[in-house]
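Written out below as structure tokens is the structure these notes cover.
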RNA sequence: GGGCAAGUGGCGGAAUGGUAUACGCUGUAGUCUCAAAAACUACUAGUCGCAAGGCUGUGUGGGUUCGACUCCCUCCUUGCCCACCA
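Numbering (the numbering used here), first residue to last: 1 to 919.
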């Protein structure tokens, strides 16, 4: 590694990249000792940097995958140079329908295909130069891994979290298997777009619903992208409401009741009919021919067809509204789903669009029961960037963050949000905080409930305001009353509701529940369903359960795990509701673990999402085969510090992983509640304005670019395209430009000044400015602007006669996370040390604020807000407004523009800008 | 229907309320060369002007401000996610 050897040599990425990748692996610089003890107070701390492992099903990685991995790797490399001990593992999520379908298409056995894919993927993953710990990979399809997947299933079964039940499930006729709710989109199979059928089958489920509230509340404790949290919240879909019993007015069905779920109990007097889902059990009691015909037809219809016009039929039944004893008809209609609530609703056509549509079509009565107060236009909800920041703060305090739903900022009266309001509000981040104007009128309140009850909130706010002594004076309660019922629909008072007339919406529900305890009770409903875990496919971990006629379902004893997936030739899906393994008695014939009698093994396999719901727990313990995860290592390395992946997994994988973690914690197997402390979603790579997909034929394979320009160029280009969270548009010409940039760096540092660097930095100001910028940008994952800052610095350095050693060293260190190979090469050339010490284990440059202070400042001169010139002043003078003013007026162009004008006002922002207001 | 983003040159994109278009790509001209490539230099929002400089410009229309891509309101457009969730 002599210095002279490389001087004047051309930049040859393929040579240096292969060289360094070999050395890194040999020196194990990316394989931390997982058993080492940490002093957590010291700099060297464990940092688990995780990225979503790929499905190795396609032809190979495209630049989209590469983009995601590189972006995550940049962060890991950055953390390593910050002094952390970084663990960055990778693996393959190779089990599952996705991989199996690909194998079938290739006419290959999935197990064979997996071997080929594994080789290909690992070759590609190595070629991008990520700092993966190659000594610890996880492949979900290998017995040494799925042994523990099955073991987890057994643990959940024993804890009562895995159970079997017959239920109408989603069945995809093309994939020939059942699917979880999450895998069905608008009634179509997420994978093949076939129309999903509903079938009654006995299946295995995980009781994820038991964790609904914890999954919801836990979101407040983790640092995730807001949009992902919102997606999860929406999926869990908690809604608080009430169950109402309607008695059936029919002698033959005496004492039978229909229960409905509603979130708008306050509109109960407006219920003019009831609607049952065609799947409602009560319907079997109805013999009307018309009804039977309708129900049969409705059941045949697919979800897509149902989404069309609302249709329905009168059931012939009537029920009694418990609050006013009105007799109202019961209809059966396709717009009510059996899967949510009770499968029956009370229809309030005056206050629900769907009910309204239906009522109009079938000429049913519409009674308005809420008088809203939207004439009070003075109540205005506002959003702004400031409010966004403020929301973040509130989230940090463990409160709910959502506009118009769980909390919001409300500003009353006035014209707009002045910074003053916000400043005051920002200082007092509690629900019910308020701000009143100098004249005493209430101007802003923070609230936190779906049903907003301003009087109470404001009361609290007022007390609270007094306590903390913020300005405000007297509240005008008369005015406050008016504001209270302002928001249409939700903020109003009851009408046509008998003795409840004039009651405020916000109070009506509680009052009704109080007065009709027999008929009405509070109820919380979730959109979240239990996780359907079994699949009638071949390529997955067999569910480790045995059915015995006398002992019922028994889990496979732990000593017998794994239940190995046998290699069978007829692995294609059957479509009979049974797995291909059901044709193999040599697999399913077994003995009951409890009574030793003949018994039958479960032949279904588990969902792929189970494999990926715990893989992050396995990575640190891949070398240990007597436990799924070593407790000591778990305590050191988990939860994951940073998780980076695609937003498309915001509900599926991320929700399941959280559920598993919580369940395992309850079983005492792990000691933390949330698996991923930080999660960031990366953007999508677009090609020619469209999402990359096989069908569009616009897939860009990374191999070609690595071959042509090297991994460093591709990595840096990908990170430069746009903000990492937003993705970007991939262009061939761009890669060429980045190659040029690296070549220039090579030329400048290796050929010229490296041989004879000067001792003094040419501009420490620019160097420190760049360190600050790059550091801050990488922390925020704004890689594009970090790279731009390096380019700017390069542009400056390339103009200088000589560059100091310090500058080169700092430069290559800042470049190292993006272009690890070239920076390692240059770093080694520069230091020429005998003992190898990688740049990637070196310390990240620190900026010194003293270099950021400028002696001379450029002050922009504006006249009436328009740029008219600038003046250069000494930093001491810049503090003196009068002097700056004098200098500014002297500037010739400024003189021209001030001619025949008189200065009314001068605004000076120190060291930045001076603005003359002149007429 | 609901939610979440986002609209800035020919293109990807920069801009704590303070010089709009950083950085890069593309394009044009030039240097070098027999020539080409590479490399390097200059220019590259529109418009008027020989120039100095001016005017117009961040989807639309308003507002707040000494000053707005940025904050507020109206409308338009696009992308993503969810969806007869009562």
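Built from N, CA and C at the ideal position, the CB exists for glycine as well.
Bear in mind the structure is a predicted one, so any value in this text is a computation, not a measurement.
Distance, Cα to Cα, residue i vs residue j?
i, j, result
"residue 217", "residue 684", "29 Å"
"residue 283", "residue 327", "19 Å"
"residue 203", "residue 708", "51 Å"
"residue 321", "residue 518", "13 Å"
"residue 24", "residue 596", "54 Å"
"residue 624", "residue 677", "25 Å"
"residue 787", "residue 771", "11 Å"
"residue 570", "residue 61", "29 Å"
"residue 359", "residue 494", "21 Å"
"residue 916", "residue 858", "17 Å"
"residue 336", "residue 736", "57 Å"
"residue 536", "residue 568", "15 Å"
"residue 725", "residue 628", "33 Å"
"residue 212", "residue 528", "7 Å"
"residue 912", "residue 745", "34 Å"
"residue 264", "residue 578", "43 Å"
"residue 972", "residue 682", "Residue 972 lies beyond the range of the chain shown here (1 to 919); nothing can be said about it."
"residue 377", "residue 524", "Low local confidence applies: a pLDDT of 25 at residue 377 is under 50, so the model's placement there is unreliable, and no value is given."
"residue 815", "residue 54", "27 Å"
"residue 919", "residue 905", "10 Å"
"residue 150", "residue 258", "42 Å"
"residue 68", "residue 649", "13 Å"
"residue 552", "residue 154", "15 Å"
"residue 907", "residue 851", "28 Å"
Are the beta-carbon atoms belonging to residue i and residue j less than 8 Å from one another?
i, j, result
"residue 99", "residue 89", "no"
"residue 274", "residue 338", "no"
"residue 370", "residue 501", "no"
"residue 236", "residue 619", "no"
"residue 604", "residue 546", "no"
"residue 914", "residue 872", "no"
"residue 208", "residue 659", "yes"
"residue 610", "residue 533", "yes"
"residue 44", "residue 84", "yes"
"residue 242", "residue 520", "yes"
What residue does the beta strand (DSSP E) around residue i start on, and which one ends it?
i, result
"residue 537", "Element bounds for residue 537: n/a, residue is neither H nor E."
"residue 169", "162-172"
"residue 241", "239-248"
"residue 709", "Taken as a continuous stretch (DSSP letters only), residue 709 belongs to no beta strand (DSSP E), being part of the alpha helix (DSSP H) at 702-709."
"residue 206", "197-206"
"residue 868", "866-874"
"residue 345", "344-347"
Which residue marks the beginning of the alpha helix (DSSP H) containing residue i, and which one marks its end?
i, result
"residue 893", "892-898"
"residue 685", "Where residue 685 is concerned, there is no enclosing alpha helix (DSSP H), although the beta strand (DSSP E) it sits in stretches over 684-687."
"residue 776", "764-779"
"residue 63", "63-81"
"residue 47", "No alpha helix (DSSP H) contains residue 47, which is instead part of the beta strand (DSSP E) from 46-51."
"residue 656", "652-666"
In this structure, what does DSSP give as the bridge partners for residue i?
i, result
"residue 799", "Per DSSP, none; premise fails for residue 799."
"residue 548", "552"
"residue 177", "172"
"residue 729", "686"
"residue 640", "676"
"residue 646", "682"
"residue 531", "206"
"residue 541", "Its beta-bridge partners do not exist; DSSP assigns none."
"residue 916", "863, 906"
message: For the structure I just gave you, are there three or more beta carbon pairs, one from the region 64-81 and one from the region 833-846, closer than 8 Å?
response: Flag = yes, the region 64-81 and the region 833-846 touch.
field: Inter-stretch contact (C-beta, 8 Å, three-pair minimum) for the region 121-130 and the region 633-645
entry: No: the two stretches stay apart, fewer than three of their Cβ pairs being nearer than 8 Å.
task: Decide yes or no for the touch test of the region 848-865 against the region 881-900: beta carbon pairs closer than 8 Å, at least 3 of them.
output: Counting Cβ pairs under 8 Å, three or more are found: they touch.
- request: Determine contact between the region 112-126 and the region 150-158, defined as no fewer than three beta-carbon pairs at a distance below 8 Å.
  value: Contact fails: fewer than three Cβ-Cβ distances are below 8 Å.
- prompt: Taking contact to mean at least 3 C-beta pairs separated by less than 8 Å, is the region 312-320 in contact with the region 244-252?
  reply: With a cut-off of 8 Å, the region 244-252 and the region 312-320 count as touching, because enough Cβ pairs lie within range.
query: Would you call the region 777-795 and the region 702-719 touching, i.e. three or more CB-CB distances under 8 Å?
result: Contact between the region 777-795 and the region 702-719 is present: 3 or more CB-CB pairs across the two stretches fall below 8 Å.
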